[in-house]
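Those protein sequence lines, which keep their order, are chains A and B.
For the first sequence, the numbering used here begins at 1 and goes up steadily by one.
For the second sequence, the numbering used here begins at 1 and goes up steadily by one.
All C-beta atoms, glycine included, are put in the ideal place defined by N, C-alpha and C.
Beneath this line is the structure, given in structure tokens, with notes to follow.
2 protein chains.
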Amino acid sequence: EIVAAIAGHLSGRRARPLEGVRVLVTAGPTHEPIDPVRYLANRSSGRQGYAVAAAAQALGADTVLVTGPTALAPPDGVETVKVETADEMLAACEAALPADIGIFAAAVADWRVKSRSEEKLKKTAKEATTAFELAENPDILRTIASRKTGRPRLVIGFAAETENVVANATAKLETKGCDWIVANDVSPETGVMGGQENTVHLVTAEGAESWPKLGKDEVARRLVDRIADTLAETGGRAAK
Amino acid sequence: EIVAAIAGHLSGRRARPLEGVRVLVTAGPTHEPIDPVRYLANRSSGRQGYAVAAAAQALGADTVLVTGPTALAPPDGVETVKVETADEMLAACEAALPADIGIFAAAVADWRVKSRSEEKLKKTAKEATTAFELAENPDILRTIASRKTGRPRLVIGFAAETENVVANATAKLETKGCDWIVANDVSPETGVMGGQENTVHLVTAEGAESWPKLGKDEVARRLVDRIADTLAETGGRAAK
Numbered sequence: 001e002i003v004a005a006i007a008g009h010l011s012g013r014r015a016r017p018l019e020g021v022r023v024l025v026t027a028g029p030t031h032e033p034i035d036p037v038r039y040l041a042n043r044s045s046g047r048q049g050y051a052v053a054a055a056a057q058a059l060g061a062d063t064v065l066v067t068g069p070t071a072l073a074p075p076d077g078v079e080t081v082k083v084e085t086a087d088e089m090l091a092a093c094e095a096a097l098p099a100d101i102g103i104f105a106a107a108v109a110d111w112r113v114k115s116r117s118e119e120k121l122k123k124t125a126k127e128a129t130t131a132f133e134l135a136e137n138p139d140i141l142r143t144i145a146s147r148k149t150g151r152p153r154l155v156i157g158f159a160a161e162t163e164n165v166v167a168n169a170t171a172k173l174e175t176k177g178c179d180w181i182v183a184n185d186v187s188p189e190t191g192v193m194g195g196q197e198n199t200v201h202l203v204t205a206e207g208a209e210s211w212p213k214l215g216k217d218e219v220a221r222r223l224v225d226r227i228a229d230t231l232a233e234t235g236g237r238a239a240k
Numbered sequence: 001e002i003v004a005a006i007a008g009h010l011s012g013r014r015a016r017p018l019e020g021v022r023v024l025v026t027a028g029p030t031h032e033p034i035d036p037v038r039y040l041a042n043r044s045s046g047r048q049g050y051a052v053a054a055a056a057q058a059l060g061a062d063t064v065l066v067t068g069p070t071a072l073a074p075p076d077g078v079e080t081v082k083v084e085t086a087d088e089m090l091a092a093c094e095a096a097l098p099a100d101i102g103i104f105a106a107a108v109a110d111w112r113v114k115s116r117s118e119e120k121l122k123k124t125a126k127e128a129t130t131a132f133e134l135a136e137n138p139d140i141l142r143t144i145a146s147r148k149t150g151r152p153r154l155v156i157g158f159a160a161e162t163e164n165v166v167a168n169a170t171a172k173l174e175t176k177g178c179d180w181i182v183a184n185d186v187s188p189e190t191g192v193m194g195g196q197e198n199t200v201h202l203v204t205a206e207g208a209e210s211w212p213k214l215g216k217d218e219v220a221r222r223l224v225d226r227i228a229d230t231l232a233e234t235g236g237r238a239a240k
């Protein structure tokens, strides 16, 4: 604490620049049940989102973490809400509003199966299952970013891409209606998914900034530092 | 060790009745990739299978555990092979043969998607994804149980059911070609999935025996005790 305060003072920055700021963070995958034993999921360890929540908390923010199923321990002092599906995650996010900052790091499943079975599907049933019909899940980032009332001042999305990372992310700024996108390449050969490191691009209306390969904790610290700087520059009002 | 030896002596049983017996155990779910970030999965913590492997090892067996993705630490002294898909699990099981006993506790996904995408599927693609076409996965239990050569002397399957538990399991003895089925009710209200306890029925050619609700460790101990008894009765040859 003392060291952090001194370091903050020396760097000309308050130690707890997010004091009094409410930050909503989502993390992890969602699991969409097919029947009692099967589900559709996105790969996500939850590490990046948990690190962001911990970093926001460390800068003094009043932080709430809405998380899908992960193997991680909730960060100390962070209000943590556990959910399973995309529908549940959206509901938990809406319940957590109002918030000043919304950071959507969860890997939300885009689809769920259209008709979820209450009993276990039998492989040997007369009408064999040959396909799962899909329904689109709510787009949590877009839903929160496009709220007429109660929109967080700064809405930040995460975009996991496997090709054209910056171009896809830049397009998402518009389609999702968010302020910043943290984009990364999650191609299997990068080892990002499930790993400790991440190579991200911060995409804003001003352009894309590529960060070096960093630990996920360090990516989180840089991101919340940037948020604190932006709030300070805009006198507590985030620029769109 | 000494206490176990005395206890074994008092109960008229050798402390390490599975010494020299090779036991293959499968555990956990399988994850079937849809694209680099999405997958189909079965729910399974892996706890029951890991407990069986540890219990077999404790009775002196030369134990190999083939496991899908779980959050569990491999049991001490057990050779552990990590896999992701059903295809990989079957290959790892075949590579682990010959074995005297095969215990198939994994919750193998019955289906994988027919065409796995190397790039992340886009929700906004022109040809929207509206269904996942499925292909049947190999039936690992039936494949190993029906081997003409190298079949383990005793092949034991696990059957997770949500209705008609014993009837479905009894039918599986025949269709899978295995010797015993450990059947359990995994309906959500039972709390078995992900939980520490299990209520199982041991189904053999002689009929079904319902065990009380027990910790998964105790279910594992009873099961390997039963295996040791059966091997002793049949002079080292398991009865079919």
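Exercise for the section: For F158(B), decide whether its Cβ has a neighbour in chain A, counting only Cβ atoms nearer than 7 Å. Expected result: For F158(B), the answer is no, since every Cβ of chain A falls outside 7 Å of its Cβ.
Practice task
To the nearest angstrom, report how far apart T170(B) and A53(B) are at their CA atoms.
Solution key: Between T170(B) and A53(B), the C-alpha separation is close to 24 Å.
Exercise for the section: My understanding is that T162(A) touches P36(B), with C-beta atoms under 8 Å, so please give their C-beta distance in whole angstroms. Expected result: Taking 8 Å as the upper bound for CB-CB distance, T162(A) and P36(B) are in contact here, some 5 Å apart.
Handout entry: Where R175(B) falls, given that 16 or more other Cβ within 10 Å makes a residue buried
Key = Reading off the sequence, residue 175(B) comes out as Thr, not Arg. Answer is exposed; the Cβ neighbour count stays below 16.
Handout entry: Delimiting residues of the beta strand (DSSP E) encompassing L40(A)
Key = R38 to N42
Handout entry: Residue burial classification, K172(A) (beta-carbon count within 10 angstroms, cutoff 16)
Key = buried
Practice task
Would you please state the rounded distance, in angstroms, between the beta carbons of R112(B) and T85(B)? I believe it to be under 8 Å.
Solution key: 7 Å
Exercise for the section: Give the residues of chain B in contact with A131(A), contact being defined as C-beta atoms less than 7 Å apart. Expected result: A131, F132, E133 and L134
Problem - Beta-carbon proximity list for A232(A), same chain, < 6 Å, skipping 5 on both sides - result: Around A232(A): no qualifying Cβ.
Problem - Extent of the continuous alpha helix (DSSP H) to which K82(A) belongs - result: Where K82(A) is concerned, there is no enclosing alpha helix (DSSP H), although the beta strand (DSSP E) it sits in stretches over E79 to K82.
Practice task
Measure the alpha-carbon distance for L154(A) versus H31(B) and round it to whole angstroms.
Solution key: 36 Å
Problem - Residue interval of the alpha helix (DSSP H) (run including A73(A)) - result: No alpha helix (DSSP H) holds A73(A); DSSP gives it neither H nor E.
Practice task
Check the Cβ-Cβ distances between E119(A) and every residue of chain B, and say whether any is below 7 Å.
Solution key: yes
Handout entry: CB of A105(B) within 7 Å of CB of F158(B), strictly
Key = yes
Practice task
Report the residues of the stretch 19-48 of chain A with a CB closer than 7 Å to any CB of chain B, ordered along the chain.
Solution key: P36, V37, R38, Y39, L40, A41, N42 and R43
Practice task
Verify whether the separation of the beta carbon atoms of N42(A) and A95(A) is less than 7 Å.
Solution key: Taking 7 Å as the Cβ cut-off, N42(A) and A95(A) do not qualify as a contacting pair.
Exercise for the section: May I have the straight-line CA-CA distance separating D139(A) from I103(A), to the nearest angstrom? Expected result: Straight-line measurement puts the Cα of I103(A) at about 14 Å from the Cα of D139(A).
Handout entry: Beta-carbon gap between A71(B) and A220(B) smaller than 7 Å
Key = no
Practice task
Tell me where the beta strand (DSSP E) around R22(A) begins and ends.
Solution key: R22 to A27
Practice task
Whole angstroms is fine: what's the gap from M193(B)'s alpha carbon to Q48(A)'s?
Solution key: Their Cα atoms are separated by approximately 27 Å.
Exercise for the section: Report yes or no: is there a C-beta of chain B within less than 7 Å of the C-beta of P188(A)? Expected result: yes
Problem - Cross-strand partners of L202(A) (DSSP beta bridge) - result: The partner list for L202(A) (beta bridge, DSSP) reads V182(A) and E209(A).
Handout entry: Own chain, CB closer than 7 Å to A160(A), minus 5 neighbours either side, in chain order
Key = A107, N184 and V186
Practice task
Let me know the secondary structure DSSP gives L223(A) once reduced to three states.
Solution key: helix
Handout entry: Beta-carbon neighbours of E163(B), restricted to chain A and to distances below 7 Å
Key = E119
Handout entry: C-beta atoms of V67(B) and A27(B) nearer than 7 Å
Key = Sequence check: residue 67(B) is Thr here, not Val. Taking 7 Å as the Cβ cut-off, T67(B) and A27(B) qualify as a contacting pair.
Problem - Nearest-angstrom beta carbon gap, V25(A) and L65(A) [assumed within contact, 8 Å] - result: 5 Å
Practice task
Take A56(A) and list the residues in its own chain whose beta-carbon comes closer than 7 Å to its own, dropping the five residues that flank it on each side.
Solution key: L18, V23, V25, T63 and V224
Handout entry: DSSP-derived helix/strand/coil call for I156(A)
Key = I156(A) falls in the strand class under three-state DSSP.
Practice task
Quick one: which residues of the stretch 54-66 of chain B get their C-beta closer than 8 Å to a C-beta of chain A? List them in chain order.
Solution key: Correct list: empty, as no residue qualifies.
Handout entry: Run of the alpha helix (DSSP H) containing G102(A), from where it starts to where it stops
Key = From DSSP, G102(A) is part of no alpha helix (DSSP H) but of the beta strand (DSSP E) over I101 to F104.
Handout entry: Closer than 7 Å to chain A by CB, A51(B)
Key = Not one chain A Cβ lies under 7 Å of A51(B).
Problem - Helix, strand or coil at E119(B) [DSSP, three-state] - result: coil
Practice task
Using 10 angstroms around the beta-carbon of N198(B), count the other beta-carbons present and answer buried if the total reaches 16, otherwise exposed.
Solution key: buried
Handout entry: Residue of K82(B), Y39(B) and F132(B) minimising C-alpha distance to S242(A)
Key = Because chain A in this structure spans residues 1 to 240, residue 242(A) falls outside the shown range and cannot be described.
Handout entry: Identity of the residues DSSP links to P98(A) by a beta bridge
Key = Beta-bridge pairing links P98(A) to no other residue.
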